[in-house]
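Under this note's numbering, read the sequence shown as residues 3 to 91, first letter to last.
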Amino acid sequence: MSVTEQRTHAKELLDRIDDEFFAAVYNLMETYVNKQKSRVMGYTPKGEAITVGEFLEQADEQVARAKAGEGISVAELRKQSDEWLARIK
Numbered sequence: 003m004s005v006t007e008q009r010t011h012a013k014e015l016l017d018r019i020d021d022e023f024f025a026a027v028y029n030l031m032e033t034y035v036n037k038q039k040s041r042v043m044g045y046t047p048k049g050e051a052i053t054v055g056e057f058l059e060q061a062d063e064q065v066a067r068a069k070a071g072e073g074i075s076v077a078e079l080r081k082q083s084d085e086w087l088a089r090i091k
């Protein structure tokens, strides 16, 4: 059985189990997901830890800003980059 099939089957099984067992399974899954979000996935230039949850939150914000038309074009980024590089030469 593929993972996709297992996920579908698991949803069906959840509908059949009693509330007490469902609560235990739910708590187990929620604990696992929250633990994954709190894992450190990198560091800022200042050495501060960045968790998976923080990274995903920032990524979602940036995607939303880009979809809203905020930010700069590739051409503008290249222009700024050329200006930065010219200053250090």
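The beta-carbon is built from N, C-alpha and C at its ideal position, and this holds for glycine as well.
Since the structure is predicted, the reported quantities are computational estimates derived from the model, not experimental observations.
Contact check, residue 35 vs residue 53, beta carbons under 8 Å = Annotated as distal: residue 35 and residue 53, with beta-carbon spacing of 8 Å or more.
Pull up the DSSP beta-bridge partners for residue 42, would you.
-> The partner list for residue 42 (beta bridge, DSSP) reads 53.
Would you identify the three-state DSSP class for residue 31, choosing helix, strand or coil?
-> Note: residue 31 maps to helix in three-state DSSP.
Residue 61 to residue 68 span [Cα, whole Å] | Rounded to the nearest angstrom, the two C-alpha atoms are 11 Å apart.
What first and last residue would you give for the alpha helix (DSSP H) that runs through residue 81?
-> That run of the alpha helix (DSSP H) goes 76 to 90.
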